[in-house]
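Numbering (the numbering used here), first residue to last: 436 to 686.
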């Protein structure tokens, strides 16, 4: 597997080199650097031959630290250099063979009539991935059963969208509920945290509601950016308050 310098995607995970991780844990490890990453995206990259996670006898994907490093490298090449997956795969394969290759670069898009264009060279661009997951995907990512998910839903920790799917962030919630459960913290204990989160969300919503109702379309569009900014501040404040209350400092 290709290894990238330390400090990239996956550096925030507590996994050791020999530990294998679920797809939900991988999603959490990559989220800070790649907020739009989804389970569907990871599975798509696997289907395109960019990563090859191991499989358990029951079919669950298990990722190594090397898999996460390679995945982060693929996502950076897409984000920073706008490279098609075919080119990225060939580049990484060459590196793994020990060949000295330069990072490929994309030329400008040719005007019609100039000859072979980028679509001819690299194929159609990848379609955007919806930021939602199905019930089966959620169960697989969190490695839980229907009974556990139903219990979490009964406590309001997780809720499906009107069409029955789940927001991609639900995978993070489910993974964290599982992790806390390993310390004896049961879902029913987490209702107080959910209630606090709902109150914080309500406070943010009060601030941005006038922007959402504004007649100016640009002002309404600004509401989303303001919501993300306030949500980030609220999360940081919540974390700082918990650390202060416990007298600990997280890295």
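Don't be surprised by glycine CBs; every beta carbon is placed ideally from N, CA and C.
Predicted model only: the values in this text are computed from it and were never measured.
Close-in-space but distant-in-sequence residues of the same chain around residue i (CB under 8 Å, 5 per side omitted)
i, result
"residue 466", "472 and 607"
"residue 512", "518, 523, 526 and 538"
"residue 678", "684 and 685"
"residue 647", "655 and 658"
"residue 665", "639, 642 and 643"
"residue 578", "457, 459, 495 and 613"
"residue 487", "481 and 502"
Reduced DSSP category for residue i - H, G, I as helix; E, B as strand; rest coil
i, result
"residue 498", "strand"
"residue 617", "coil"
"residue 642", "helix"
"residue 567", "strand"
"residue 602", "strand"
"residue 685", "coil"
Own chain, CB closer than 7 Å to residue i, minus 5 neighbours either side, in chain order
i, result
"residue 561", "Unreliable placement is indicated for residue 561, whose pLDDT of 42 sits below 50; the coordinate value is still reported in the next sentence. Result list for residue 561: 520, in chain order."
"residue 660", "none"
Candidates the options: closest to residue i by CA position
i, options, result
"residue 596", "569, 506 and 491", "569"
"residue 572", "586, 592 and 599", "599"
"residue 510", "476, 489 and 482", "476"
"residue 494", "506, 458, 464 and 505", "458"
"residue 498", "454, 628 and 507", "454"
"residue 633", "673, 661 and 469", "673"
"residue 531", "505, 514 and 516", "505"
"residue 636", "587, 461, 667 and 680", "667"
"residue 610", "681, 583, 631 and 650", "583"
"residue 627", "515, 590 and 676", "590"
"residue 585", "622, 483, 617 and 604", "622"
Contact test: residue i Cβ vs the ligand COA heavy atom, cutoff 7 Å
i, result
"residue 507", "This structure lacks the ligand COA, and indeed carries no ligand of any kind."
Range covered by the alpha helix (DSSP H) that runs through residue i
i, result
"residue 652", "652 to 681"
"residue 585", "581 to 589"
"residue 571", "570 to 577"
Cut-off 6 Å between Cβ atoms - residues of its own chain near residue i, not counting five sequence neighbours on either side
i, result
"residue 576", "458, 459, 474 and 606"
Task: Every unbroken beta strand (DSSP E) inside the region 462 to 536 [3 residues or more] - done: none
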